[in-house]
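Have a look at the structure below, then the notes.
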Amino acid sequence: MSIEIKVPPLPESVSDATLVAWHKKVGENVSRDENLVDLETDKVVLEVPAPSSGTLEEIKIDDGATVTAGQVLAILAEGSAQDDSAAPEKVAEAPAEAEAEPASADGGGERGAAAHKLSPAVRRLLDEHDLDATIIAGSGKDGRITKADVMSYLKSHTVEDVSPGDAEPALAAAAPAAERTEQRVPMTRLRAKIAERMVEAQHTAAMLTTFNEIDLTEVMELRKRYKEAFEKEHGTKLGFMSFFSKATVEALKKFPVINASVEGNDIVYHDYYDVGIAVSSERGLMVPVLRDVDKMSFAEVELAIAELGRKAREGTISMDELTGGTFTITNGGIFGSLLSTPILNPPQSGILGMHAIQERPMVVEGEVAVRPMMYVALTYDHRIIDGREAVQFLVSLKQSLEDPGRILLQV
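Residue 392 in the numbering used here is what sits at position 400 of the sequence shown, and the numbering runs on without skipping anything.
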């Protein structure tokens, strides 16, 4: 029995997708729920699993094509994935390949199973360099192969081993090969969408940025005092993002226009606090959204950020998890940024930029003391937010973080 493999329903507001790569060839056996092909939309990568075990009979759409919901991608001949009678020609070639790749005692079989869980970015890298996932040791969770693992493997296998006597001729032969090249690569759909939204923000909002600095002594003391107990109790580390997320909500409550958005000639005020947390992934910048942060505990914030960040990096995050935020926090400090002016995430009217923590001499009660300081930046839409509100928002944030008891007491 033949089964049509179709494009699944696409997320709301997404009209089409790009077929990134097939993971199976015509004639190959597939198992039920095994990923057959990746489809990339403006926001997420969708995996199309096999609805049943069988043999891939025909591929109707090639890599790079644009597809729409319901379009037939391939034909699957239903049957056992272990039934070799469906592909007699493939069987004749199999023994030679099988001898070259025996299952190793160090877990090669497990790595082969983990290959089905590769992120789209890792799959593309393997395809570009014609690499077999089973020969690369994974350092990720459950032995999963990461992009860093592939890059490390490529680096260690770039130069072939030569004997001492052959070393000088090899180097001499390689010397003249240094020539200048360039490569033209089309933007991915996600990168193109990011570019479109950044230009939209520049053209539609009157963006202005104001700055302040925060002494994080008290926050760091709290983290140091309770980090072990917190991790033991909740199974996650106590980071800075939970402090900043909760302090941000308290500031937004005091200045609700910063949590608002513009629609035409109307200002839409939101009585909920859905905070987007910018995450850098292999596919580009994504902003997963934490819903109702005002109702979340510190542990719930940390766990949610870790989970959404993992999904964003692996390409498994859903469209619903990327839409609907009312305010955004971005942390350039993890990359070493000392100061920046973040750009708005439309239709939001405010975005908070965190930066690197740096010890600096500060005057505290008339004396010079070394304190862990962070510059923070608020970019806001000046069409609806006045400078007074923006400055006072950062002052409120500063007060909450320099005296964390304010967050608990909501003062």
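Glycine included, each C-beta is placed from N, C-alpha and C at the ideal position.
Inset, instruction - Could you check the C-alpha separation between Tyr367 and Lys238 for me, to the nearest Å? - result: On the sequence shown, residue 367 is found 375 positions in, with the first residue counted as 1. On the sequence shown, residue 238 is found 246 positions in, with the first residue counted as 1. Straight-line Cα distance between these residues: approximately 18 Å.
Legend entry - Alpha-carbon to alpha-carbon, Asp122 and Ala90: On the sequence shown, position 98 is the one that residue 90 refers to. On the sequence shown, position 130 is the one that residue 122 refers to. Note that Ala90 has pLDDT 39, beneath the 50 cutoff, so the model's placement of it is unreliable and the number below is only indicative. When rounded, the distance between both Cα atoms is 18 Å.
Legend entry - DSSP state of Ser(-6) mapped onto helix, strand, coil: Residue mapping note: residue -6 aligns to position 2 of the sequence shown, counting from 1. Strand.
Inset, instruction - Identify every residue that forms a DSSP beta bridge with Val367. - result: The residue you call residue 367 lines up with position 375 of the sequence shown. Val is not the amino acid found at residue 367; the sequence shown has Tyr there. Glu205.
Inset, instruction - Kindly indicate the opening and closing residues of the beta strand (DSSP E) around Met179. - result: By 1-based counting over the sequence shown, the position of residue 179 is 187. Here Met179 belongs to no beta strand (DSSP E), and DSSP marks it neither H nor E.
Inset, instruction - Could you spell out where the alpha helix (DSSP H) holding Ala298 opens and where it closes? - result: Residue numbering aside, residue 298 sits at position 306 when the sequence shown is read from its first letter. Counting along the chain, the alpha helix (DSSP H) containing Ala298 begins and ends at 290 to 306.
Legend entry - Close Cβ partners of Pro43 (< 8 Å) along its chain, the five nearest in sequence each way excluded: Taking the first residue of the sequence shown as 1, we reach residue 43 at position 51. The answer, listed in chain order, is Ile(-5), Ile(-3), Arg24, Leu68.
Inset, instruction - Over the uninterrupted beta strand (DSSP E) stretch that includes Ala9, give me the two end residues. - result: Translated into the one-based positions of the sequence shown, residue 9 becomes position 17. It spans 9 to 14 - the beta strand (DSSP E) in which Ala9 sits, taken as one unbroken run.
Legend entry - Host beta strand (DSSP E) of Ala66 (start-end): Here the question's residue 66 lines up with position 74 in the sequence shown. Here the beta strand (DSSP E) through Ala66 covers 64 to 70.
Legend entry - Sheet register partners of Asp119 (DSSP bridge): Walking along the sequence shown from the start, residue 119 turns up at place 127. Asp119 pairs with nothing; no bridge assigned.
Legend entry - Environment of His347 [buried if 16+ CB atoms lie within 10 Å]: Locating residue 347 in the sequence shown gives position 355, counting from the first residue. Its Cβ being crowded by 16 or more others within 10 Å, His347 is buried.
Legend entry - beta strand (DSSP E) segment containing Asp258, residue limits: What you label residue 258 is simply residue 266 of the sequence shown in a count that begins at 1. First-last of the beta strand (DSSP E) with Asp258: 258 to 260.
Legend entry - Residues bridged to Glu225 [DSSP beta-bridge criterion]: Taking the first residue of the sequence shown as position 1, residue 225 is located at position 233. Paired residue(s): none; Glu225 is not in a bridge.
Legend entry - Sequence-distant residues of the same chain with beta carbon closer than 8 Å to Tyr218, five excluded per side: Your numbering for residue 218 matches position 226 in the sequence shown. Around Tyr218: Leu230.
Legend entry - Opposing strand residues paired with Leu282 [DSSP bridges]: For the purposes of this step, residue 282 is identified with residue 290 of the sequence shown, where counting begins at 1. Partner(s): Val267.
Inset, instruction - With DSSP collapsed to three states, give me the class of Pro413. - result: The shown model of the chain, from -7 to 403, leaves out residue 413, and the question about it has no answer.
Inset, instruction - Report buried or exposed for Arg375, applying the criterion of at least 16 other Cβ atoms within 10 angstroms of its Cβ. - result: On the sequence shown, residue 375 is found 383 positions in, with the first residue counted as 1. Exposed, because fewer than 16 other Cβ atoms sit within 10 Å of the Cβ of Arg375.
Legend entry - Glu213 burial status per 10 Å Cβ neighbour count (16 or more: buried): What you label residue 213 is simply residue 221 of the sequence shown in a count that begins at 1. Result: exposed.
Inset, instruction - Given a cut-off of 8 Å, decide if Lys147 and Val114 are closer than it, judged by their beta-carbon atoms. - result: Walking along the sequence shown from the start, residue 114 turns up at place 122. Walking along the sequence shown from the start, residue 147 turns up at place 155. Cβ distance not < 8 Å, so Val114 and Lys147 don't count as in contact.
Legend entry - Proximity winner among Gln340, Val59, Ala13, Ser332, relative to Arg189 (alpha-carbon distances): Position 197 of the sequence shown, counted from the first residue, corresponds to residue 189. Checked all of Gln340, Val59, Ala13, Ser332; the closest Cα to Arg189 is Gln340.
Inset, instruction - Tell me whether Ile377 sits in a helix, a strand or coil according to DSSP, three-state version. - result: Locating residue 377 in the sequence shown gives position 385, counting from the first residue. Correct three-state label for Ile377: coil.
Legend entry - Inter-residue Cα distance where the pair is Val254 and Ala193: Position 262 of the sequence shown, counted from the first residue, corresponds to residue 254. Position 201 of the sequence shown, counted from the first residue, corresponds to residue 193. One C-alpha to the other measures close to 12 Å.
Inset, instruction - Say whether the segment 320 to 332 touches the segment 295 to 312, bearing in mind that this needs 3 or more beta-carbon pairs closer than 8 Å, one atom from each stretch. - result: no
Inset, instruction - Taking only the alpha-carbon atoms, compute the straight-line gap between Ile137 and Glu120 and give it to the nearest angstrom. - result: Along the sequence shown, one-based indexing puts residue 137 at 145. Along the sequence shown, one-based indexing puts residue 120 at 128. Answer to the nearest angstrom: the Cα atoms are 16 Å apart.
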